[in-house]
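Asks:
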Amino acid sequence: MVLAGDQLRARTGQGPSGHRRPVRGISFQVRRGGDWSVPQARIRVEDKRLINCESVDVNQLMPLKYRWAWEHYLNGCANNWLPSEVPMGPDIATWRSDRLTAAERLLIMRNLGFFATAESLVANNIILAIFRHVTNAECRQYLLRQAFEEAVHTHAFHYIVESLGLDEGEVFNMYREIPAITAKDEFEMAITTDVLRPSFSTETCAGAQRLLEDLIGYYVIMEGLFFYSGFAMILSLHRRNLMTGIGEQFQYILRDETIHLNFGIDLINGIKEEQPALWTPDFQGHVRDLMRHAVDLEIAYARDALPEGVLGLRADMFQQYAQHIADRRLERIGLRAEYGAGNPFPWMSETIDLGKEKNFFESRVTEYRSAADLRWD
Ligand code: MN
Ligand code: FE
């Protein structure tokens, strides 16, 4: 028998939500309560919240409140791919030939090194920091999908290293051995530190702001800014028909990251809407400071990866590119542009089209879908 809300409240004398008043967070965070029980009443869609929700069971996906989260999940699923589907033969031939200059080899190595661990940082931040505090089932559904995609991305870098016969130790240790990479990763890890603490909570304004800062640090800065210079560097080689297998891996990754970025921005703006008091002038100033610092780190990275430039790319172009991208990201979370820099790589926006990132590569989606055919050999 299913009791209607009023009957249930009459019978149990509970509060207006019709639920036993749970220990805060108990329905979704096993570690806080220990006792994890099935709520008695049906959930009301209007009670769903992105964070700090105490009255809705996060185990129940439907009814949906945040349709965007479900749409991002479906779009992510439509983009299934695996690194091993990309032929690496032409890259192996190019890598062994004299077609690449020392500067181009350095550029490739630095980007492999940066991404090889950055993807894992993003994955671990989702699982260990963000997931626990997002109290909405459709967002968690997306986070599960995203975490898998980050695993596929890390896999891609191992696959490239293996295909080209590169020194795995050199590539996967760059995050501790190449200062320009270490600086970006340390910037990100510092943002996660508080959120990782077992006692961390978003119940206070400061706590919720800390989670927002983490979301901005990873979705807007790591995936939305740091990744984009690397995409431009590798896709520039791809345009010259150099290392097209790596280029194709990067196109797949860029397509996934576009959705990660869009989900992150929807989540950030959604939390701002739910709790407008979080978005104080001080906090906005802090976000701008973070972004300025990140742009400086990105410029240092470009100088390290491109000390003397390669055909069509110079480090100073990446200063402008980082500033251009940072402005677009700031605008999407409701802040004004900081730099007013133009786009030095108009061909990148032809590829991505920042204005409608959501639909980018849509025309090619169906051909990837075929990889999901079920076969019993
Ligand atoms: Mn990724
Ligand atoms: Fe990502």
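Letter by letter, the sequence shown follows residues 16 to 392 in our numbering.
Virtual Cβ for every residue (Gly too), placed ideally from N, Cα, C.
Quick caveat: nothing in here was measured; it's all calculated off a predicted structure.
May I ask you to report which of helix, strand or coil DSSP gives VAL71?
Replies: In the sequence shown, the residue the question calls residue 71 occupies position 56. Here VAL71 sits in coil by DSSP.
Asks: Find out if the Cβ-Cβ distance for the pair GLY239, ARG160 is shorter than 8 Å.
Replies: The residue you call residue 239 lines up with position 224 of the sequence shown. The residue you call residue 160 lines up with position 145 of the sequence shown. Contact: no.
Asks: State the DSSP-derived secondary structure class of VAL149, mapped to helix, strand or coil.
Replies: Taking the sequence shown and counting its residues from 1, the one referred to as residue 149 is at position 134. In this structure, VAL149 counts as coil in the three-state DSSP scheme.
Asks: Are ASP319 and ILE231 close, meaning C-beta to C-beta below 8 Å?
Replies: On the sequence shown, position 304 is the one that residue 319 refers to. On the sequence shown, position 216 is the one that residue 231 refers to. No.
Asks: Identify which residue in MET77, ALA118 and ALA195 has its Cα closest to the Cα of ALA315.
Replies: Position 300 of the sequence shown holds residue 315. Checking every option, the nearest Cα to that of ALA315 belongs to ALA195.
Asks: Would you kindly work out how many angstroms separate the C-alpha atoms of LEU345 and GLN55, rounded to a whole number?
Replies: Taking the first residue of the sequence shown as 1, we reach residue 345 at position 330. Taking the first residue of the sequence shown as 1, we reach residue 55 at position 40. Each residue's alpha carbon lies about 43 Å from the other.
Asks: Between the beta-carbon of GLY262 and the beta-carbon of LEU252, is there less than 8 Å?
Replies: Translated into the one-based positions of the sequence shown, residue 262 becomes position 247. Translated into the one-based positions of the sequence shown, residue 252 becomes position 237. The answer is yes: Cβ separation under 8 Å.
Asks: Would you give the residue range spanned by the alpha helix (DSSP H) that ARG120 belongs to?
Replies: The residue labelled residue 120 in the question sits at position 105 within the sequence shown. Note, ARG120: alpha helix (DSSP H), 117-139.
Asks: One question on the structure: do LEU227 and LEU143 come within less than 8 Å of each other, judged by their Cβ atoms?
Replies: As a working note, residue 227 is residue 212 in the sequence shown. As a working note, residue 143 is residue 128 in the sequence shown. Taking 8 Å as the Cβ cut-off, LEU227 and LEU143 do not qualify as a contacting pair.
Asks: DSSP three-state label for VAL325, please.
Replies: Along the sequence shown, read from residue 1 onward, the residue named residue 325 stands at position 310. VAL325: strand per DSSP, three-state reduction.
Asks: Should THR109 and PHE187 be called a contact, given that it needs their Cβ atoms to be closer than 8 Å?
Replies: Numbered from its first residue, the sequence shown carries residue 109 at position 94. Numbered from its first residue, the sequence shown carries residue 187 at position 172. The answer is no: Cβ separation not under 8 Å.
Asks: Under 8 Å between the Cβ atoms of ASP281 and TRP83?
Replies: In the sequence shown, residue 281 corresponds to position 266, counting from 1. In the sequence shown, residue 83 corresponds to position 68, counting from 1. Yes.
Asks: Around the Cβ of CYS68, are there at least 16 other Cβ atoms within 10 angstroms (buried) or fewer (exposed)?
Replies: Translated into the one-based positions of the sequence shown, residue 68 becomes position 53. Label assigned to CYS68: buried.
Asks: Starting from the N-terminal side, write out each stretch of the beta strand (DSSP E) that is 3 residues or longer and does not extend beyond the stretch 172-218.
Replies: Runs found: none.
Asks: Compute every distance between the C-beta of HIS339 and the non-hydrogen atoms of ligand 1, then say whether any falls below 7 Å.
Replies: Start at 1 with the first residue of the sequence shown, and residue 339 comes out as number 324. No, Cβ of HIS339 sits at least 7 Å from all heavy atoms of ligand 1.
Asks: If I measure Cβ to Cβ from GLN266 and keep anything under 6 Å in the same chain, skipping five residues before and after, which residues do I get?
Replies: As a position in the sequence shown, residue 266 is number 251, starting the count at 1. Cβ within range, chain order: n/a, list empty.
Asks: Tell whether a beta-carbon distance below 8 Å holds between ALA330 and GLY324.
Replies: What you label residue 330 is simply residue 315 of the sequence shown in a count that begins at 1. What you label residue 324 is simply residue 309 of the sequence shown in a count that begins at 1. It is a contact, given that the beta carbons lie within the stated cut-off.
Asks: Near ligand 2, which residues have their beta-carbon less than 6 Å from any of its heavy atoms, given in chain order?
Replies: VAL137, GLU165, GLU238, GLU272 and HIS275
Asks: Can you tell me whether VAL167 is helix, strand or coil according to DSSP?
Replies: For the purposes of this step, residue 167 is taken as the residue at position 152 of the sequence shown. Here VAL167 sits in helix by DSSP.
Asks: Tell me whether PHE246 sits in a helix, a strand or coil according to DSSP, three-state version.
Replies: Working through the sequence shown from its first residue, we reach residue 246 at position 231. Helix.
Asks: Would you identify the three-state DSSP class for TYR157, choosing helix, strand or coil?
Replies: Sequence index remark: in the sequence shown, residue 157 carries index 142 (1-based). Residue state, collapsed to three classes: helix.
Asks: THR217: which of VAL73, LEU65 and ILE58 sits nearest, CA to CA?
Replies: Looking up residue 217 in the sequence shown gives position 202. Of the listed residues, the one whose Cα sits closest to THR217 is LEU65.
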